[in-house]
Amino acid sequence: MANDMTQKPRNVLVIGGNRYFGKRLLARLVTAGDHVTVLNRGSSPPPPGTGHLVADRDDEAALEAALGDRTFDVVFDQVCYTPRQAAVARRVFAHRTRRYVMTSTVEVYEYEDSGLPVPEAAIEPGSVAVDLQLPWDDAEFLGAHYGEGKRQAEAVFAAAPGFPYVGVRVAHVLGGADDFTGRVAHYADRLRSGEPIAVPALNHPATYINVDEIADFLFWTAGQDFTGPVNAASHGPLTTEDIVAAIGGGPARYLTVQVGEVSPFSFRRSYGMDNTRAERLGFTFSHTGDWLTDAVAETLKGSN
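In this text, residue positions in the sequence shown follow the numbering used here: the first is 301, and each later residue adds one.
This is the structure we're talking about:
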C-alpha cells in the first residue's frame with residue numbers, strides 16, 4: 301500500500317511494536333513515505349528509515365520529556381495493556397495527535413459465548429467500569445487479566461471528550477517466520493512425537509487474521525476518519541482441527557480435557573468476531589482458506 305502521491309507525508313509515532321506485525325506496519329509506513337518515529341524503552345533499535353525516542357511509556361514525566369513539543373498526525377499504540385497506561389497516554393497525547401490507534405484484542409470478548417460472530421457493540425467501551433487501583437503492575441495479575449486490561453484501556457480512551465481513538469480488536473494472528481508465540485510449533489511437536497493434543501469437550505472455532513493482513517489493516521486505519529472499536533478478522537473461522545490439518549505431518553491424537561489447561565487455539569467458548577463494520581468502512585478481508593497452509597508452513601520454517 302502507498303499514500304496517494306498528492307498526499308503530504310504523515311508524521312507518525314509508533315509506541316512499541318518493533319516485532320511481528322508491528323514490524324510490518326513500520327515497513328508499510330516507511331514505504332508510503334511517512335515520517336515515522338518509534339518510541340520504546342531502548343531495548344531494541346528501530347528499523348532503518350525511522351526516528352527513535354527512548355522513554356518508559358508508564359512514566360508520564362519521562363514520556364512528556366521525550367516527546368517535547370512534537371505533534372503527530374497519527375499515533376499507533378501497540379503496547380497498551382492496562383487502563384493506567386491508557387490514562388497516561390490520554391493525558392500526554394491529548395493535544396499531540398489527530399488520531400490515536402490502539403491495538404486491542406479479540407480477548408475483550410472473553411465473557412461472550414455466542415454462536416454468531418460478535419459485533420463491536422457487544423462490548424461498548426463507555427459501559428466498561430475502570431479500576432485503576434487493581435494491581436496492573438503485577439505481571440502475573442496482568443497475564444491472567446489480559447482481556448480485562450484491554451477492555452478497561454479502551455474505556456479510558458473512550459471517556460476522554462474529543463480524544464480521536466480507534467481500538468483495533470485483533471483476531472488471533474497466524475503466519476510469519478518470526479511468530480514468537482510458539483503456538484503453531486506446539487502442534488507440530490505433538491504431531492511429530494505422537495503426543496495427544498489437549499482440547500476441551502466442546503471445542504469451538506475462532507476467528508483469525510494473517511500477520512500481513514493485520515499490518516495492512518492498521519496501515520489502512522491510519523488514513524481513515526472513523527473512531528471507536530473495530531473488529532479485524534479474516535473471513536472463515538478455524539477450528540483446532542483446521543490448523544492441525546494445515547500443519548500436516550501425521551495423524552493427530554486428541555485428548556479431551558474437562559478441567560484444566562488445553563492447547564493453544566482451543567476454546568471452551570465461542571466468540572468469533574463480526575468484521576462487518578470494517579468492511580462497510582471500506583476494508584476487504586481475505587478468507588483464512590486463502591492463506592492458512594502457507595502461513596503455518598512459513599511459521600514452522602522459521603521455528604526450525
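Ideal Cβ positions, reconstructed from N, Cα and C, are used throughout, including at glycine.
Rounded straight-line distance, which links the Cα of residue j to that of residue i
i: Ala453; j: Ala361; result: 20 Å
i: Gly322; j: Gln378; result: 7 Å
i: Ala515; j: Leu555; result: 35 Å
i: Asp431; j: Ala421; result: 21 Å
i: Ala485; j: Phe585; result: 26 Å
i: Tyr487; j: Thr576; result: 31 Å
i: Asn340; j: Arg553; result: 43 Å
i: Thr507; j: His535; result: 8 Å
i: Ala471; j: Gln433; result: 29 Å
i: Asp369; j: Gly342; result: 20 Å
i: Arg490; j: Ala595; result: 19 Å
i: Val406; j: Ala365; result: 34 Å
i: Arg580; j: Lys601; result: 36 Å
i: Met301; j: Gly333; result: Residue placement at Met301 is poorly supported in this model, since its pLDDT is 40, which falls under 50; the coordinates are not used for a value here.
i: Pro425; j: Gly550; result: 45 Å
i: Phe463; j: Ser427; result: 17 Å
i: Ala597; j: Thr540; result: 16 Å
i: His335; j: Arg310; result: 6 Å
i: Gly316; j: Leu367; result: 15 Å
i: Thr382; j: Leu502; result: 31 Å
i: Gly351; j: Glu561; result: 42 Å
i: Ala355; j: Cys380; result: 14 Å
i: Trp436; j: Phe583; result: 34 Å
i: Glu495; j: Gly548; result: 14 Å
Beta-carbon proximity of residue i to residue j, cut-off 7 Å
i: Ala532; j: Phe517; result: yes
i: Thr371; j: Arg399; result: no
i: Arg390; j: Ala460; result: yes
i: Val466; j: Thr403; result: no
i: Ser566; j: Val499; result: yes
i: Leu363; j: Thr337; result: no
i: Pro537; j: Pro564; result: no
i: Val468; j: Val530; result: yes
i: Ala522; j: Val374; result: yes
i: Tyr411; j: Val418; result: no
i: Gly512; j: Thr599; result: Reading off the sequence, residue 512 comes out as Asp, not Gly. Contact: no.
Backbone secondary structure at residue i - three-state DSSP
i: Met301; result: Here Met301 scores only 40 on pLDDT, less than 50, and its place in the model is too uncertain to base an answer on.
i: His395; result: coil
i: Tyr320; result: coil
i: Ser586; result: coil
i: Thr403; result: strand
i: Gly447; result: helix
i: Thr337; result: strand
i: Ile514; result: helix
i: Leu313; result: strand
i: Asp479; result: coil
i: Leu416; result: coil
Of the residues the options, the one placed nearest residue i, counting alpha carbons only
i: Asp574; options: Pro425, Ile509, Thr350 and Val430; result: Ile509
i: Asp438; options: Arg384, Leu367 and Ser603; result: Arg384
i: Ala429; options: Gly443, Lys450 and Ala365; result: Lys450
i: Ala386; options: Asp358, His587 and Pro564; result: Asp358
i: Val330; options: Tyr320, Gly572 and Val314; result: Val314
i: Pro348; options: Thr539, Phe463, Gly447 and Arg328; result: Arg328
i: His587; options: Pro435, Val562 and Leu474; result: Leu474
i: Phe376; options: Phe519, Thr539, Pro435 and His445; result: Phe519
i: Ile543; options: Gly572, Thr593 and Arg319; result: Thr593
i: Val401; options: Gln524, Gly548 and Phe583; result: Gln524
i: Val312; options: Leu326, Gly589 and Ser493; result: Leu326
Per DSSP, the bridge partner or partners of residue i
i: Asp574; result: DSSP output for Asp574 lists no bridge partner at all.
i: Arg469; result: Ser404 and Asn531
i: Lys506; result: Note on residue identity: the sequence assigns Ala, not Lys, to residue 506. DSSP lists Leu538 as partners of Ala506.
i: Tyr554; result: Ile497
i: Gly351; result: Thr337
i: Leu474; result: Asn510
i: Asp377; result: Ile315 and Met402
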